[in-house]
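Down below is the structure, laid out as structure tokens.
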Amino acid sequence: MDVNFQFDWSAAFGSIPYLLPGIPWTLLISFGGLAIGFFIGIFFGLLRISPVRWLRWPAVVYVEVFRGTPILVQVLFIFYGLPQLLGGPINALVAGIAAIAVNSGAYISEIVRGGVQSIERGQREASLSLGLSRVQAFRYVIWPQALRRMIPPLGNQGIISIKDTSLFSVIGVSELVRQGQIYIATTFTALEVYFMVALMYLAITWTLSLVLRQIERRGLAGQ
Amino acid sequence: MTSTQTPIVRMQKLHKHFGSLHVLKDIDLEIVPGEVVVVIGASGSGKSTLIRCINGLEEFQSGSLDVDGNTLLPNGKSSQALQTIRTEVGMVFQQFNLFPHLSVLDNVTLAPMKVRGWSRQDAEETAKRLLDRVGIADQANKYPSQLSGGQQQRVALARALAMEPRLMLFDEPTSALDPEMIGEVLDAMRELAKEGMTMVIVTHEMGFAREVADRIIFIHKGEIAEQGTPEQLFDSPQHERTQSFLARVLKH
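Read top to bottom, the protein sequences are chains R and W.
Quick note, the first sequence lines up with residues 1 to 223 if you use UniProt numbering.
Quick note, the second sequence lines up with residues 1 to 252 if you use UniProt numbering.
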């Protein structure tokens with residue numbers, strides 16, 4: 001170890017202009033993927049709790065496959081593998097968003113299932129006893145309550161997915177890590193630059209945490 | 001009550017199984033409009049299951065069940081009749097089961113608006129009148145968690161009444177309440193009985209049962225062991241099972 005090594009603050013601050021352009025890409029992949037993943041999650045999460053057996057198993061397979069394989073393998077498969085099937089290249093940004101979508105979708109379907117199943121049976125019984133149909137009971141009574149309970153785990157998933165996008169530097173999306181790597185290649189200041197990269201992830205995830213805490217506070221006010 | 005009236009509930013030879021457990025055995029029961037029937041029995045005797053069959057929250061495996069002219073078939077094979085029955089039969093649960101994400105007012109207006117198609121204005125007018133009747137008009141904009149247990153159960157009563165039911169089911173409505181709140185819920189039910197509502201009540205409140213019931217039904221191990229007026233049942237029970245049950249519950 002080089003005991004004379006000094007953390008070079010000017011190198012750290014100097015990297016900021018090169019790193020900042022990576023943030024929009026990180027955000028675009030994260031939130032684009034999560035938005036799609038949310039709908040995938042609702043779809044498969046509700047299939048998973050369907051009373052019809054043959055509707056349940058596709059959801060089980062989906063969750064097991066995309067939760068049980070690494071997201072790095074998923075994005076490599078999409079970016080390098082799928083073009084061989086489709087006969088044309090896939091845009092790296094699209095591949096990144098797709099990977100976050102299918103991966104977070106698997107976890108979110110479990111969150112949806114857990115959220116809906118956590119609502120006491122009496123809520124459904126009271127709704128049905130009032131003459132509401134099963135669909136109405138779900139829409140007006142079960143789902144709004146389940147959604148509130150889903151906010152904390154959804155926030156967790158959001159933070160995990162944001163961090164997962166750092167892996168997509170391998171397919172050349174110019175997100176935060178990739179921007180850092182390019183900069184380091186010419187300056188050789190890995191310590192300072194990765195430190196700043198880490199700070200920027202922290203800024204994004206911490207902001208999300210604060211926003212979620214606000215939503216949670218407001219959302220739970222009626223409970 | 002007169003025996004010539006058409007019954008609003010008619011159960012014939014009804015059997016209910018939970019897997020290998022025979023929960024209800026050969027139940028024959030007729031309830032006429034305006035009648036107040038109290039169902040008593042030990043826990044696990046099947047009394048809750050019995051009234052939950054009336055609005056289809058429990059399926060039965062054989063026998064027949066008519067509610068207000070609608071026929072429920074065994075094993076839940078009658079969704080249309082079931083839907084109609086549920087709009088005509090109200091229920092109050094042991095655990096209140098209010099909707100915690102909705103205000104008191106919205107709890108009461110939800111079903112009339114979504115099921116009956118009432119306008120918000122009509123539904124709210126009715127809701128306020130009913131909340132006033134059960135003594136909690138001033139709590140209309142609060143959420144259920146902000147109310148006491150007794151208040152919550154009275155909201156649940158108003159919520160059920162908002163559908164203008166022809167029959168009300170009560171499944172141990174005071175069992176989850178602190179002792180000092182039982183009275184206010186029983187008072188509201190007493191009022192309802194006085195107004196002529198047809199009621200089927202599962203309860204452990206024997207004093208209340210004696211006071212409001214036209215008929216008491218004693219259930220033992222899934223069978224109607226004995227039934228009669230409160231005087232007959234409480235003062236001179238015929239069956240040994242009834243006697244030992246009453247001896248246990250009336251002791252304290």
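Positions of the beta carbon are idealized from the N, C-alpha and C atoms, including for glycine.
Since the structure is predicted, the reported quantities are computational estimates derived from the model, not experimental observations.
CB contact below 8 Å: residue i versus chain W
i: residue 51 of chain R; result: no
i: residue 154 of chain R; result: no
i: residue 125 of chain R; result: yes
i: residue 56 of chain R; result: no
i: residue 114 of chain R; result: no
i: residue 37 of chain R; result: no
i: residue 136 of chain R; result: yes
i: residue 148 of chain R; result: yes
i: residue 131 of chain R; result: yes
i: residue 145 of chain R; result: yes
i: residue 128 of chain R; result: yes
Distance, residue j Cα to residue i Cα
i: residue 52 of chain W; j: residue 38 of chain R; result: 37 Å
i: residue 116 of chain R; j: residue 49 of chain R; result: 9 Å
i: residue 249 of chain W; j: residue 160 of chain W; result: 30 Å
i: residue 64 of chain R; j: residue 111 of chain R; result: 14 Å
i: residue 119 of chain W; j: residue 125 of chain W; result: 10 Å
i: residue 185 of chain R; j: residue 46 of chain R; result: 47 Å
i: residue 174 of chain R; j: residue 22 of chain R; result: 6 Å
i: residue 124 of chain R; j: residue 91 of chain R; result: 46 Å
i: residue 52 of chain R; j: residue 60 of chain R; result: 13 Å
i: residue 236 of chain W; j: residue 246 of chain W; result: 11 Å
i: residue 217 of chain R; j: residue 46 of chain W; result: 43 Å
i: residue 190 of chain R; j: residue 160 of chain R; result: 24 Å
i: residue 6 of chain R; j: residue 44 of chain R; result: 52 Å
i: residue 255 of chain W; j: residue 239 of chain W; result: Examination of residue 255 of chain W is not possible in this model, given that chain W is present from 1 through 252 alone.
i: residue 72 of chain R; j: residue 141 of chain R; result: 39 Å
i: residue 6 of chain W; j: residue 139 of chain W; result: 40 Å
i: residue 41 of chain W; j: residue 94 of chain W; result: 16 Å
i: residue 231 of chain W; j: residue 210 of chain W; result: 8 Å
i: residue 194 of chain W; j: residue 220 of chain W; result: 29 Å
i: residue 123 of chain W; j: residue 106 of chain R; result: 41 Å
i: residue 186 of chain W; j: residue 133 of chain R; result: 30 Å
i: residue 25 of chain R; j: residue 144 of chain R; result: 32 Å
Same chain, Cβ closer than 8 Å to residue i, five either side skipped, listed in chain order
i: residue 19 of chain R; result: 176, 179, 180, 183, 193, 196, 197, 200
i: residue 152 of chain W; result: 96, 98, 144
i: residue 11 of chain R; result: 187, 189, 192, 193
Residue i classed as buried or exposed, judged by whether at least 16 other C-beta atoms fall within 10 angstroms
i: residue 101 of chain W; result: buried
i: residue 16 of chain W; result: buried
i: residue 222 of chain R; result: Model confidence at residue 222 of chain R stands at a pLDDT of 44, short of 50, so the residue's coordinates are unreliable and nothing is read from them.
i: residue 164 of chain R; result: buried
i: residue 242 of chain W; result: buried
i: residue 13 of chain R; result: exposed
i: residue 203 of chain R; result: exposed
i: residue 86 of chain W; result: buried
i: residue 57 of chain R; result: exposed
i: residue 214 of chain R; result: exposed
i: residue 68 of chain W; result: buried
i: residue 266 of chain R; result: Shown here, chain R extends from 1 to 223; a query on residue 266 of chain R therefore has no answer.
i: residue 203 of chain W; result: buried
i: residue 173 of chain W; result: buried
i: residue 171 of chain W; result: buried
6 Å Cβ shell around residue i - same chain, five flanking residues per side excluded
i: residue 75 of chain W; result: 59
i: residue 166 of chain R; result: 177
i: residue 57 of chain W; result: none
i: residue 102 of chain R; result: 66
Beta-carbon contacts of residue i that lie in its chain and below 7 Å, excluding the five residues immediately before and after
i: residue 148 of chain W; result: 181
i: residue 130 of chain W; result: 108, 158, 161, 162
i: residue 1 of chain W; result: Here the model assigns residue 1 of chain W a pLDDT of 47, short of 50, so the residue's position is not dependable, and the following value carries that caveat. Excluding positions up to five away in sequence, the list reads 32, 34, 35, 214.
i: residue 100 of chain R; result: 29, 30, 33, 34, 37, 161, 164, 165
i: residue 49 of chain W; result: 16, 23, 24, 58
i: residue 178 of chain W; result: 149
i: residue 188 of chain W; result: 134, 154, 157
i: residue 79 of chain R; result: 90, 92, 95, 171
In DSSP terms, what residue i is bridged to
i: residue 218 of chain W; result: W/40, W/226
i: residue 103 of chain W; result: DSSP lists no partner for residue 103 of chain W.
i: residue 11 of chain W; result: W/29, W/65
i: residue 70 of chain W; result: W/67
i: residue 199 of chain W; result: W/36, W/168
i: residue 90 of chain W; result: W/168
i: residue 22 of chain W; result: W/17
CB contact below 8 Å: residue i versus chain R
i: residue 74 of chain W; result: no
i: residue 95 of chain W; result: yes
i: residue 81 of chain W; result: no
i: residue 192 of chain W; result: no
i: residue 55 of chain W; result: yes
i: residue 110 of chain W; result: yes
i: residue 126 of chain W; result: no
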